[in-house]
Amino acid sequence: MTIIEEAFVPSPRDNDGGPLLEVRDLHVEFHTREGVVKAVNGVNYNVAAGETLAVLGESGSGKSVTAQAIMGILDMPPAKIPQGEIRFRGQDMLTMSADERRKIRGQRIAMIFQDALSSLNPVLSVGYQLGEMFRVHQGMSKKDAKAKAIELMDRVKIPAAAARVNDYPHQFSGGMRQRIMIAMALALEPELIIADEPTTALDVTVQAQVMDLLAELQREYNMGLILITHDLGVVADVADKIAVMYAGRIVETAPVHELYKRPAHPYTRGLLDSIPRLDQKGQELYAIKGLPPNLLRIPTGCAFNPRCPKAQDICRTDIPALLPVTEQDGGELPGRASACHFWKETLHG
Amino acid sequence: MGRYVARRLLQMIPVFIGTTLLIFLMVYALPGDPVRGLFGDKGGSPQVIAQLRHQYGLDQPILVQYWHYMKNMILHGDFGTQIASGRPVTDVLGDAFPVTLRLAGLSFLIEMVFGIALGIVAGLRAGRVTDNAILLFTLLLISVPVFVLGYILKVIFAFDLNWLPPNVNDPTNYNEMLMPAIVLATASLAYVTRLTRTSIAENLRADYIRTAIAKGLPKRRVVGVHLMRNSLIPVVTYLGTDIGALMGGAVVTEGLFNIQGIGGTIYQSIVRREGTTLVGLVTILVLVYLLANLLVDLLYAVLDPRIRYA
Amino acid sequence: MPDVTKTVPEAAAEDAAVAAAGGALPEPSKPEKTRSLWGDAWQDLRRSWIFLVSAALILLLLTITFFPGWFTGANPTSGDLAKHFLQKPKLGNFFSADWLGYDQQGRSVYARVIYGARASIAVGFGTTVAVTVVGGLVGMIAGYFGGIVDSILSRLTDVFFGIPFLLGTMVFLTSFQNRTTWVVIGALSFFGWTQIARVMRGAVITTKQADYVHAAKALGASTPRIMFRHILPNTLAPVIVVATISLGIYISAEATLSYLGLGLNGVSWGNDISDGGNQIRVAQWIMLYPSIMLIVTVLAFIMLGEAVRNALDPKMR
Numbered sequence: 001m002t003i004i005e006e007a008f009v010p011s012p013r014d015n016d017g018g019p020l021l022e023v024r025d026l027h028v029e030f031h032t033r034e035g036v037v038k039a040v041n042g043v044n045y046n047v048a049a050g051e052t053l054a055v056l057g058e059s060g061s062g063k064s065v066t067a068q069a070i071m072g073i074l075d076m077p078p079a080k081i082p083q084g085e086i087r088f089r090g091q092d093m094l095t096m097s098a099d100e101r102r103k104i105r106g107q108r109i110a111m112i113f114q115d116a117l118s119s120l121n122p123v124l125s126v127g128y129q130l131g132e133m134f135r136v137h138q139g140m141s142k143k144d145a146k147a148k149a150i151e152l153m154d155r156v157k158i159p160a161a162a163a164r165v166n167d168y169p170h171q172f173s174g175g176m177r178q179r180i181m182i183a184m185a186l187a188l189e190p191e192l193i194i195a196d197e198p199t200t201a202l203d204v205t206v207q208a209q210v211m212d213l214l215a216e217l218q219r220e221y222n223m224g225l226i227l228i229t230h231d232l233g234v235v236a237d238v239a240d241k242i243a244v245m246y247a248g249r250i251v252e253t254a255p256v257h258e259l260y261k262r263p264a265h266p267y268t269r270g271l272l273d274s275i276p277r278l279d280q281k282g283q284e285l286y287a288i289k290g291l292p293p294n295l296l297r298i299p300t301g302c303a304f305n306p307r308c309p310k311a312q313d314i315c316r317t318d319i320p321a322l323l324p325v326t327e328q329d330g331g332e333l334p335g336r337a338s339a340c341h342f343w344k345e346t347l348h349g
Numbered sequence: 350m351g352r353y354v355a356r357r358l359l360q361m362i363p364v365f366i367g368t369t370l371l372i373f374l375m376v377y378a379l380p381g382d383p384v385r386g387l388f389g390d391k392g393g394s395p396q397v398i399a400q401l402r403h404q405y406g407l408d409q410p411i412l413v414q415y416w417h418y419m420k421n422m423i424l425h426g427d428f429g430t431q432i433a434s435g436r437p438v439t440d441v442l443g444d445a446f447p448v449t450l451r452l453a454g455l456s457f458l459i460e461m462v463f464g465i466a467l468g469i470v471a472g473l474r475a476g477r478v479t480d481n482a483i484l485l486f487t488l489l490l491i492s493v494p495v496f497v498l499g500y501i502l503k504v505i506f507a508f509d510l511n512w513l514p515p516n517v518n519d520p521t522n523y524n525e526m527l528m529p530a531i532v533l534a535t536a537s538l539a540y541v542t543r544l545t546r547t548s549i550a551e552n553l554r555a556d557y558i559r560t561a562i563a564k565g566l567p568k569r570r571v572v573g574v575h576l577m578r579n580s581l582i583p584v585v586t587y588l589g590t591d592i593g594a595l596m597g598g599a600v601v602t603e604g605l606f607n608i609q610g611i612g613g614t615i616y617q618s619i620v621r622r623e624g625t626t627l628v629g630l631v632t633i634l635v636l637v638y639l640l641a642n643l644l645v646d647l648l649y650a651v652l653d654p655r656i657r658y659a
Numbered sequence: 660m661p662d663v664t665k666t667v668p669e670a671a672a673e674d675a676a677v678a679a680a681g682g683a684l685p686e687p688s689k690p691e692k693t694r695s696l697w698g699d700a701w702q703d704l705r706r707s708w709i710f711l712v713s714a715a716l717i718l719l720l721l722t723i724t725f726f727p728g729w730f731t732g733a734n735p736t737s738g739d740l741a742k743h744f745l746q747k748p749k750l751g752n753f754f755s756a757d758w759l760g761y762d763q764q765g766r767s768v769y770a771r772v773i774y775g776a777r778a779s780i781a782v783g784f785g786t787t788v789a790v791t792v793v794g795g796l797v798g799m800i801a802g803y804f805g806g807i808v809d810s811i812l813s814r815l816t817d818v819f820f821g822i823p824f825l826l827g828t829m830v831f832l833t834s835f836q837n838r839t840t841w842v843v844i845g846a847l848s849f850f851g852w853t854q855i856a857r858v859m860r861g862a863v864i865t866t867k868q869a870d871y872v873h874a875a876k877a878l879g880a881s882t883p884r885i886m887f888r889h890i891l892p893n894t895l896a897p898v899i900v901v902a903t904i905s906l907g908i909y910i911s912a913e914a915t916l917s918y919l920g921l922g923l924n925g926v927s928w929g930n931d932i933s934d935g936g937n938q939i940r941v942a943q944w945i946m947l948y949p950s951i952m953l954i955v956t957v958l959a960f961i962m963l964g965e966a967v968r969n970a971l972d973p974k975m976r
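Chains as they are written, first to last, in our numbering: chain A, 1 to 349; chain B, 350 to 659; chain C, 660 to 976.
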C-alpha cells in the first residue's frame, strides 16, 4: 500500500511570501523493545507569521511528537525521523548541524510545556531561569539579565515582579507558573511559539486568562503559534485553523469555525458530539466507541476504521489521502481537507 | 530553622544516652577483666586486685558506673583512664583522632571525586555498554571485603611492584596513607557511583531538562547547571552521613596497615577488654555520626529550596 | 544534541502500552492480559543477564552447601603435615584434593573452599531471615501506629543505627568463647535489623494512606488483618530488595569478623583468608581461592538484589 500524494493545504493568511514553518511528509518512529512505534506517519502542515494553528488529537495521536520533532528535542535514538522535511523560513531544519538547530531553539522557535511545575527547574530561581535566555543567547551580564527577567515578568502580568524574581517555581501558583513559562518562551521574541497543552494543568478560570494573555502577546509580536491540545473548547476563540490528528496522521484540516459547524471526517464529528452541551441536558453523552489504536499495530487501511460508524470494506484496505473537500455543487472550500473515503457523506449528509 | 535545630538536638539526647548505655552494657558484659589482664598469667594477689577494682570503680553496680562515667565525661570532659597504660582516654584519643581523621578525609576525597565522576558517566550513558561496565565494576567493589582488597593491593603494589610501602609508619605521609585510604574508600565509592548514576539517569528524564534543551542552552550548560544542581542533592546527603561511617569503618583498614588511629585503638581495646577506652572512643564516633546527620539535614535545606524546616 | 531527554520515547512507549492494554478490544487479535507488578517483574527478570548469572551462581553455591561430598572426597579438617605442608596447587588436576594446593597444616585448600561455603551461606541466610522478621515487625508497628509508639521505636532504631555495625558486632562477639553459627547470626542481627525497620516504616506510612486501607478500616477489618493482608503485600518490594542485597553484605561481614579473629569456630572462608594472609609472601594460593569464592558469593547475592531492584522499581528501567 503506497501512500497517496497528500494535498498541499494553503492557509488563508499565507499570501505575503512563503510560510514561516512548513512540515512536509514528516514521519517519526520509536524503536522500543516491543517493536517500532510509528508515532507520526506523514504529517503536513504550515504556519504563517501571526497565524495560529491548532493541532487537535487524543494522547498518542502524534501531535506532541510532531511538535518535539519541530523543536528538535526528540531523543534520537530511540526516536528516528526516516523521512520528511521541517522547513523554517524555507530552510530544512532536519539537515542542519546540531549547533545551528540549537541557535534556533529558544531564540527563533520557543516552546511552552504543559506542566509548568515540572518543566521549570525546581532548584533555580525563576529570575535565573528567565535571565539564562539572555545570558546564553545574547551574552548579557548577570545583572542586566535579572533586570530583563523582571521586565518579562511584568510583561506577563505577574504582580510585584521585582520582589518575586528570586523566588522558586514552587512558590508560585499554577497560573503564575504558566505565565513564567510563557515569559521564558517570549524572552527573545521568537518568530514561532509551540504551546503543548499550555492550559491543561490549570483551573478553568485561570485557563481563559492564560489563553488570552498568549493570544494578546502573539498579536503584539506577530508570531506564528502552534497550539497543541485535546480540548476543542480551548481552540475555538484563538485559533485560525485546525488540524485534527489521529494515529500519527492529519485526518482533517479546516478554518476553525467551519470545522465546528460542518466536520468532514467521522472522527472530528465524534469529537464534536462528545462535547457536553447545555441544550442536551438529560441526554446521554456521546462517546466514540473503542480506544485509540496501538501504535505498534496500526490497523490497515484507515486507522480509524475499527471505531468508525461509517466504515466500509475500502476503509479496511486503502489509506484515505488528505484531499481538498468541496461544496455539494463543486464550489471551493478554501483551507479545507479531509482524509476520509466518505467525506461527502460526512460533510453533506 | 532555629526551632528545627533545637528539636533535632533534643531528639539526639535519648539516642546519645541509648547508644552509650548499650555499648557500656555490652563492654561490661564481656568476660575477662582489665585489671586481671594487667597481671597476665601470673595473677596478682586478691587484695591488690580488689583494691585496683575499687580504684577504677569496677566493684560498683553497672548503672552506677555508667552514671559516674557520663557525669565525668559531660561535666569534666573526662573520658576515664586507659587501664593498660594508665593514660587518660582523652590523651589516647588526642593521638588517635587526627590520624583517623586524615585517613577518613583522604578516603572521602577519593570516594567523592571518583564516585561522582563514574556516576555521571554511567548516568549520562544509562543503559549502554559504559553504564553496564561501570555497574559491574561497582558491584565488584561492593563484593570484595575490605580485608581481601587490602591484601590484594598489598601484594600487587607493595610486594610485587614495590610502588607503595606495605605498612604505614608515618600517618602524616600521604604517600603511605594512599593505599589504606583507597581500601577504606572502595565500598562507599561504589555506593556514591550507584547513587549518582541513578539520580542523573532519573533527572535526565525530568521535564525541566527538556525545557532547558528547548531553551537552546548548550549541552554543557544543560548538564553542568540544570542536571547537576538537582542530581547531586542526594549524593551530597549520602556523602555527609558517610564521614561518620568512614571513621567507624576504619577498624579493619587500620589493623591491616598497622595505623594507630581510632579504629586500631578500638580493636586493641576490644582484645584487651579495655571498657573505658572503648566506651570513650565509641562515644566520640557516635557524636560525630549524630552531628554529621544533623548537618546533612540542614545542608539539604540549603541545596533544595523546596525543603523548609519549621 | 537531543540525546539528553528521555521524555518523549517514554511518553510514546506509555501511550503504546496504554493502547496495547486496551486497544485489543476492537481488534480481532487475542486480548493481552494485564500484568501485575510481580508478573511484570518476573518478565523483566527472565530477560536480565544479571539475574540469570546470579541465579545460576546461587544455585551452584546452594548445591555445594548441602552436598559438599559431591564435589570433593578430601577431608577439610585433617591434613598430612609431613606430606603436604604448603604444597603448591596442581591446577591441571581438576577437582582433586591437590588441585588448589595445601595449607600450612597440610589440609587441602580445595576441600576447605568447598566445606567453607556452608558457614557463609548459613550466616547469610540466617541473618537475613532474622533481620527481616525483627526489622519488619518493628517498622510495621512504628509505621502503622505512629505517634508515641513510632517515636520510641524510631529512637530505638537510631540507637542501634548509631553504633557502627562492625564495631557493635565485634564487641558482641567478644563475649563468646564458643562462636557457633547461631551466635554469629545473633550478633549480626542484633545490629543489622535497623535498615529493614527504616525501609519498612517508610513503606507502611506511604501505604497506610491508600484508599483501600481506609476502606478496609471502614469495613471493620481487625488491625492485624489490615496490617498483614492489606499493608504488608505493598511493602514487600523495597524490603525484598534491601534484604537480598544485605544477604551478600552479611556474608562479607562474617568473613571480616573471621579475619578479625571473631568469626565462627570451624571451617570458614574468612578464617582461611585470615590464615592465608600470614603466608601471603610464600603461599598466595591459601588466601587466593577462598577469597575468590567469597567474592563470587557476595557478588552473586548483590547482583541478584540489583536485578530484583531493577525489576521491581519501574523508575529504574
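All residues carry an ideal CB built from backbone N, CA and C; glycine is no exception.
Because the structure is a prediction, the values reported are computed rather than measured.
In the three-state scheme derived from DSSP, where H, G and I count as helix and E and B as strand, ASP196 (chain A) is classed as strand. ILE193 (chain A) is positioned such that its CB atom lies closer than 7 Å to that of LEU225 (chain A). Contact check for GLU913 (chain C) against VAL782 (chain C) passes: the beta carbons are separated by less than 7 Å. In terms of Cβ geometry, HIS31 (chain A) and ASN41 (chain A) do not form a close pair [threshold 7 Å]. Of all alpha-carbon atoms in C:SER881, C:THR816, C:ILE717, the one lying nearest the alpha-carbon of THR368 (chain B) is that of C:THR816.
Using a CB distance cut-off of 7 Å, GLN107 (chain A) counts as an interface residue toward chain B.
Here the alpha carbon of PHE726 (chain C) sits roughly 44 Å from the alpha carbon of TRP512 (chain B). Identification of chain C residues near SER537 (chain B) by a Cβ-Cβ cut-off of 8 Å yields none; the smallest Cβ-Cβ distance measures about 13 Å. What SER950 (chain C) touches in chain B, judged by beta-carbon distance under 9 Å, is VAL493, PRO494, VAL497, TYR500, ILE501, going in chain order. Around the beta carbon of ARG559 (chain B), a 10 Å sphere encloses 16 or more other beta carbons of the protein chains shown; the residue is thus reported as buried. When the five nearest sequence neighbours on each side are left out, the beta carbons in the same chain lying within less than 8 Å of the beta carbon of ALA116 (chain A) are those of PRO169, GLY174, ARG177, GLN178, ILE180, MET181, ALA201, in order along the chain. PRO320 (chain A) has its alpha-carbon roughly 5 Å from the corresponding atom of ALA339 (chain A). Cβ-Cβ distances below 8 Å link LEU347 (chain A) to ARG262, PRO263, ALA264, VAL325, SER338 in the same chain, with the five nearest sequence neighbours on each side left out; the list follows chain order. For the segment 249–263 of chain A, the beta-carbon criterion of a distance under 9 Å to any beta-carbon of chain B is satisfied by none of its residues. Only residues of its own chain outside the window of five on either side were considered, and among them ILE945, MET946 have a CB closer than 6 Å to the CB of GLY935 (chain C), listed in chain order. If you compare the alpha carbons of A:LEU333, A:ARG297, A:GLY335 with that of GLU34 (chain A), the shortest gap goes to A:ARG297.
Three or more pairs of CB atoms, one per stretch, sit closer than 8 Å, so the segment 531–538 of chain B contacts the segment 599–608 of chain B.
Under the DSSP assignment, HIS873 (chain C) falls in the alpha helix (DSSP H) whose first and last residues are 870–877. One thing to note: ASP92 (chain A) has its Cβ within 7 Å of the Cβ of GLU85 (chain A). For THR326 (chain A), the enclosing beta strand (DSSP E) covers residues 323–326.
Among the residues facing chain B, MET111 (chain A) is included, as its CB has a counterpart in that chain under 7 Å away.
For chain A, the residues of the segment 556–579 of chain B that bring a beta carbon within less than 9 Å of one of its beta carbons are ASP556, TYR557, ILE558, ARG559, THR560, ALA561, ILE562, ALA563, LYS564, GLY565, LEU566, PRO567, LYS568, ARG570, VAL574, HIS575, ARG578, ASN579, in chain order. Counting C-beta atoms within 10 angstroms of its own C-beta, ASN937 (chain C) has fewer than 16 neighbours from the protein chains shown and is therefore classed as exposed.
For PRO583 (chain B), no CB of chain A lies under 7 Å from its own CB, so it is not counted at the interface with that chain. Taking a Cβ-Cβ cut-off of 7 Å, GLN938 (chain C) has no neighbours in chain B, whose nearest Cβ is about 11 Å from it. Flagged as an interface residue toward chain B: ILE822 (chain C), by a C-beta distance shorter than 7 Å.
Between the C-alpha atoms of PHE486 (chain B) and ARG968 (chain C) there is a straight-line separation of about 18 Å. Residue burial is scored here from C-beta neighbours: TRP729 (chain C) has fewer than 16 other C-beta atoms within 10 angstroms and is therefore classed as exposed. Between the C-alpha atoms of ALA507 (chain B) and GLU525 (chain B) there is a straight-line separation of about 11 Å.
Within the DSSP bridge table, the entry for ASN46 (chain A) names A:GLU22 as partners. It is roughly 6 Å from the alpha-carbon of LYS289 (chain A) to the alpha-carbon of ARG307 (chain A). Per DSSP, reduced to three states, the secondary structure at ASN305 (chain A) is helical. Positions of the beta strand (DSSP E) runs, each at least 3 residues long and wholly inside the segment 121–201 of chain A, are given as 192–196 in order along the chain. Measuring C-alpha to C-alpha distances from GLY573 (chain B) to each of B:THR542, B:VAL470, B:VAL493, B:LEU527 identifies B:VAL470 as the nearest. Not a single CB atom of chain B sits nearer than 7 Å to the CB of HIS230 (chain A). Counting only runs of at least 4 residues, the segment 35–109 of chain A fully encloses the following alpha helix (DSSP H) elements, listed from N- to C-terminal order: 63–71, 98–104.
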